[in-house]
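The structure appears right after this line, and notes come after that.
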Amino acid sequence: GVLAARPLTGVPAVVVPDVQAALGRLARAVVDRLPGLTVVGLTGSSGKTSTKDLLAHVLAAAGPTVAPPGSFNNEIGHPWTVLRADDSTRFLVLECSARGPGHIAALCRIAPPRIGVVLNVGTAHVGEFGSPEAIAASKGELVAALPADGVAVLNADDPAVAAMAGWTRARVLTVGHGSGAAVRSVDERLDGAGRPSYTLICDRGQADVSLPLYGAHHVPNSLAAAAVALELGMPLDAVVAALATARPASRWRMEVTARADGVRVINDAYNANPESMAAALRALAAMTGGGRSWAVLGEMGELGAHAAAAHSAVARLAVELGVQRVLAVGPAARLYAADGVAVQAVADAGEVVVLLRSELRPGDVVLVKASRAVGLERVALALLAEPAAVTL
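Under our numbering, the residues of the sequence shown are numbered -18 to 373, in order.
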């Protein structure tokens, strides 16, 4: 059967005045009837989905865990995920997104979290919110919704997130690089392929962590996941072992694939904002050995008046990191070149594919990244269609 706003022919339906509101109430009823369930809410300007996937993977080692696929993180995906939980579910991991004030608070009313994680406050969607301060206020709705016996896991390295400690009745657990963080990382390093490792220090002791993921930005993501798992009673060695077997679970997010000719393609085209773009470029720089580095960049959307400055800053960073070829696709080219940075303007995805097919050499590494609306994954998929490729 279905929830519907009107009767349907040939389909069993529950007819309600407001389908979205009914879906939310139904999900809340499910949560209320599962007393053994721990709800974990997670938000941030970037890294939400990757961290959600990491956390769900780690918690699955401790008990049945439900988490949304991909970025099912809005008023539809949130209750849909909740409805997958049943009497056997121990952990429900929910990703919380917002397009405006009050959105995260509404999600928290559907499935009240006991643990809330805030990763960072960046400039994603600043065009919609108007300012970084408004973004912080929106993310802070998660910690404000926590109960007095709950736990707020906050990134101590981000001042806007650290300030949220005063917005909640819950106990605060900090993560980060600094010595003041309760769960922190030291001795961070990348191997030749750009995969991070570090030493995790917490009140249980310390342990070496090796992540089979690409990019240093996964260090804070994994710290947040570890902090939640430790809070929920997992032994430190079990947390570390689970992190060591993590794999990208959501498509087009730092998917690294090697072609038979030695070219590596980083498909990070699901979405983009200034912070995630910078993280991807740093990963590209770390992964480039003897070959050349290519960055195929499309527009970062929803930046409003900040768009020109944000795109030109990304282009400057690419140059500073030594990326040898920066291809700016479509209308975004003028934004990336706004400060006079040398980027190569390419009309569309098809033209990019033609150019790369003619110029790529064995050992080259290609990053493909843009906002979701651009659909730049077409470039990565075309490059991987032939010759034969293996995901690393």
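C-beta atoms are modelled at their ideal positions from N, C-alpha and C, and glycine is treated no differently.
- Shown here, Cys183 sits in a strand according to DSSP, grouped into three states.
- Taking Ala86 as the centre and dropping the five residues before and after it, the same chain places the C-beta of Glu122, Ala126 closer than 7 angstroms to its C-beta, in chain order.
- With contact defined as three or more Cβ pairs closer than 8 angstroms, the stretch 285 to 296 and the stretch 201 to 210 are not in contact.
- Leu341 has its alpha-carbon roughly 41 angstroms from the corresponding atom of Val156.
- Closest by C-alpha distance to Leu192, out of Asn254, Leu217, Ala222, Arg95, is Ala222.
- Going by C-alpha positions, Ala260 is about 10 angstroms away from Met235.
- Listed in chain order, the non-local C-beta contacts of Leu302 below 6 angstroms within the same chain comprise Leu262, Ala266, local neighbours out to five positions each way being set aside.
- Within the same chain, Cβ atoms closer than 6 angstroms to the Cβ of Ala313 are found at Gly279, Glu280, the five residues on either side in sequence being excluded.
- If you draw a straight line from the Cα of His38 to the Cα of Leu194, it is about 13 angstroms long.
- Arg228 and Pro(-2) have their C-alpha atoms spaced approximately 42 angstroms apart.
- Distances from the alpha-carbon of Ala197 to those of Gly186, Leu211, Gly175 put Gly175 closest.
- Secondary structure note for Arg65: it is in no beta strand (DSSP E), with a DSSP letter that is neither H nor E.
- By the Cβ neighbour-count rule, Val132 is buried, with 16 or more other Cβ atoms within 10 Å of its own.
- Residue burial annotation: Ile57 is exposed, with fewer than 16 other C-beta atoms found within 10 angstroms of its C-beta.
- Across the set Val124, Gly147, Trp148, Arg185, the C-alpha of Val124 shows the shortest separation from the C-alpha of Gly25.
- The beta carbons of Thr180 and Asp168 sit closer together than 8 angstroms.
- With a threshold of 16 other beta carbon atoms within 10 Å, Val(-5) falls short and is exposed.
- In the pairwise beta carbon analysis, the stretch 66 to 75 is classified as touching the stretch 27 to 44: at least three pairs are separated by under 8 angstroms.
- Taking Glu256 as reference, the option from His106, Thr19, Val63 with the minimal CA-CA separation is His106.
- Under the three-pair Cβ rule at 8 angstroms, the stretch 316 to 326 does not count as touching the stretch 244 to 251.
- If you check the CB distance, Leu357 and Ala351 come in under 8 angstroms.
- Assignment of Thr32 by DSSP, reduced to helix, strand and coil, places it in the helix class.
- The beta carbon of Leu284 sits closer than 7 angstroms to the beta carbons of Thr104, Val107, Gly108, Ala291 from its chain, once the five residues preceding and following it are set aside; these are given in chain order.
- Pairing Val200 with Ala366, the inter-Cα distance amounts to about 31 angstroms.
- Using a Cβ distance threshold of 8 angstroms, Pro93 and Ala118 do not count as a contacting pair.
- Going by C-alpha positions, Ser339 is about 15 angstroms away from Arg240.
- Around Asn55, the same chain offers Ser78 as residues with beta carbons nearer than 7 angstroms, after the five sequence neighbours per side are excluded.
- Secondary structure at Phe72: strand, using DSSP grouped into helix, strand and coil.
- In chain order, Pro177, Ser178, Tyr179 place their CB closer than 8 angstroms to the CB of Arg170, counting only its own chain and leaving out the 5 sequence neighbours on each side.
- Judged by DSSP in its simplified three-state form, Ser178 adopts strand.
- In the three-state DSSP reduction, Ile96 falls in the strand class (E or B).
- The DSSP assignment places 288 to 301, 313 to 317 as complete runs of the alpha helix (DSSP H) inside the stretch 284 to 334, in order along the chain (cut-off: 4 residues).
- In the DSSP assignment, Ala125 falls within the unbroken alpha helix (DSSP H) covering 113 to 125.
- Excluding the 5 residues flanking it on each side, Val277 has same chain C-beta neighbours closer than 6 angstroms at Leu308, Val333, Val349, Val360, in chain order.
- Taking each of Gly147, Ala264, Leu23, Val(-8) in turn and checking the Cα distance to Val346, the smallest one comes out for Ala264.
- Counting C-beta atoms within 10 angstroms of its own C-beta, Ala225 has fewer than 16 neighbours from the protein chains shown and is therefore classed as exposed.
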